[in-house]
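I have placed the structure first, in the form of structure tokens, so that the comments after it can refer back to it.
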Amino acid sequence: MFYEVIIPLSSCSFIQSPYLMDIEVDIIDFKVPLENNKTIFVWDIQPTFSEAYIYESLWSVYSAFGALYLLKVCPNATVAEPGFYAMVKFYSSAQASKAQRATDKQCLFQSSPLKVRLSTKQNLSFYSTKPLSLSKCHNLANHYLGFGGWSTRIITLKDISRCVDAGCQEETDDQSVLLKYGCIADLTFQQHGMSCQGVGVAEEIIDNDRDPEEKLRKRGMLMKRAKDKAVVAAFEKVLLMILGNGKVAIEIKYDPDEILPEENSEGVIKVNDISWNEFEDADSNTEEDFPWDLTVDLPH
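When we follow my numbering, the leftmost residue of the sequence shown carries the number 5, and every step to the right adds one.
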């Protein structure tokens, strides 16, 4: 879907500019694209190609329309004619629709035309938004901003296993110990003069009698998980605004209870008092956990 918006010239206010009015903007956030109108299906792929060749060919074709979240190539059912079909999922419904219209009934990489359809299954209301994995955050940012268009920095990374806050305490027996690390990371977009911060917490209960070297390895893993979660949390606050002329703008969704811009200091932010347990969540954060139960109109 395209949105007609007024692009904010700062993170704190919206200023209407005559140069920015009536610009079509495609808004993309760093969330798993659950909406089915962001998915297209490709049929009638010839059986003479390998799955690897089909995957590379389709990725080359469809990534030209926008960043891809997922591409799957599958063999046809045994009751159907030999061949393959593919599912392509975009971050943007507008880009998915454009790709469908441009490639339907086209041969692309083979000698016969393909059938390309948008998914028609209704969205399920119980689907909740989910953050992207760290690797997909990197891929999405690199696609629209380039490898040098953003950077991350650890502000603090500390052991909070012995948190004095009663809300942070965990009950363990005499044979086990709780390891918990918290991290605050900064995400900066230098070319846009904007930045935001995210918080991540990772914890695990381990045996007291575990080998000291193994405990050190476990601490290192927990520190990395806390850092990765903090970076993902920062990306969740970012909106990519793809302008009609192809340029990319960025907007940050500030939480006034967590991060506030400094008064009279553009581009500078501060962190207020943060309760670590407020940001705890399950360690399992893979976006592939929800079902891919999608339907489309069958080709005729």
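No residue lacks a Cβ here, since even glycine has one placed at the ideal position from N, Cα and C. Here the structure is a predicted model, which means the values were calculated and not measured.
Pull the bridge partners of residue i from the DSSP assignment, please.
| i | result |
| --- | --- |
| Ser137 | DSSP lists no partner for Ser137. |
| Thr52 | Thr52 is not bridged to any residue. |
| Met79 | The sequence shown places Pro at residue 79, rather than the Met named in the question. Beta-bridge pairing links Pro79 to Phe88. |
| Ser199 | Thr192 |
| Arg157 | Asp190 |
| Leu183 | Glu208 |
| Trp47 | Lys119 |
| Leu74 | Lys93 |
| Ile256 | Val242 |
| Lys162 | Gly186 |
| Lys35 | Pro135 |
Going by other Cβ atoms of all chains shown within 10 Å of its Cβ, with 16 needed for buried, is residue i buried or exposed?
| i | result |
| --- | --- |
| Asp277 | For Asp277, the predicted model reports a pLDDT of 40, less than 50, meaning its position is unreliable and no value from the coordinates is stated. |
| Pro135 | buried |
| Leu118 | buried |
| Pro22 | Confidence at Pro22 is low in this model, with a pLDDT of 44, below 50, so its placement is unreliable and the value that follows should be read with caution. Its Cβ having fewer than 16 others within 10 Å, Pro22 is exposed. |
| Cys78 | exposed |
| Ile256 | buried |
| Arg229 | buried |
| Ala234 | buried |
| Thr321 | The requested residue 321 does not occur in the structure, where the chain is confined to residues 5 to 304. |
| Asn40 | buried |
| Gln99 | buried |
| Thr232 | Residue 232 is actually Asp in this sequence, not Thr. Buried: at least 16 other Cβ atoms inside 10 Å. |
| Leu226 | buried |
| Ala170 | In this predicted model, Ala170 has a pLDDT of only 42, less than 50, meaning its place in the structure is not dependable; the value taken from the coordinates is given anyway. That one is exposed. |
| Ser115 | exposed |
| Gly250 | exposed |
| Leu144 | buried |
| Leu220 | exposed |
| Gln179 | exposed |
| Val83 | exposed |
| Ala253 | buried |
| Ser96 | buried |
| Ala103 | buried |
| Ser64 | exposed |
| Ser139 | exposed |
Hey, residue i and residue j are a contact pair by Cβ (cut 8 Å); roughly how many whole angstroms apart?
| i | j | result |
| --- | --- | --- |
| Ile58 | Met245 | Ile58 to Met245, Cβ: 33 Å. No contact. |
| Ile210 | Ile188 | In fact, because the Cβ distance is near 24 Å, the residues do not count as touching under 8 Å. |
| Lys76 | Ala90 | 6 Å |
| Asp215 | Tyr185 | Not really, about 20 Å apart at Cβ, beyond 8 Å. |
| Val120 | Val46 | 5 Å |
| Phe34 | Cys141 | 5 Å |
| Lys308 | Pro37 | The question about residue 308 has no answer here: the residues shown for the chain are numbered 5 through 304. |
| Gln195 | Ser155 | That pair is no contact at about 11 Å. |
| Leu305 | Arg157 | No answer is possible for residue 305: it lies beyond the span of the chain, which begins at 5 and ends at 304. |
Next on the checklist: Suppose only complete runs of 3+ residues qualify. What are the beta strand (DSSP E) ranges in the stretch 81-134, listed by chain order?
Outcome noted: 88-94 and 119-122
Item to check | Contact between the stretch 65-80 and the stretch 136-155 (3+ Cβ pairs under 8 Å) | outcome: yes
Checklist entry - If we count Cβ pairs, one from each stretch, closer than 8 Å, do we get three or more for the stretch 102-110 versus the stretch 201-210? => result no
Next on the checklist: With a threshold of 8 Å, are at least 3 pairs of Cβ atoms found where one atom belongs to the stretch 230-245 and the other to the stretch 189-196?
Outcome noted: yes
Next on the checklist: Extract the residue ranges of the alpha helix (DSSP H) inside the stretch 209-253, only unbroken runs of 4 or more that lie entirely within it.
Outcome noted: 216-239
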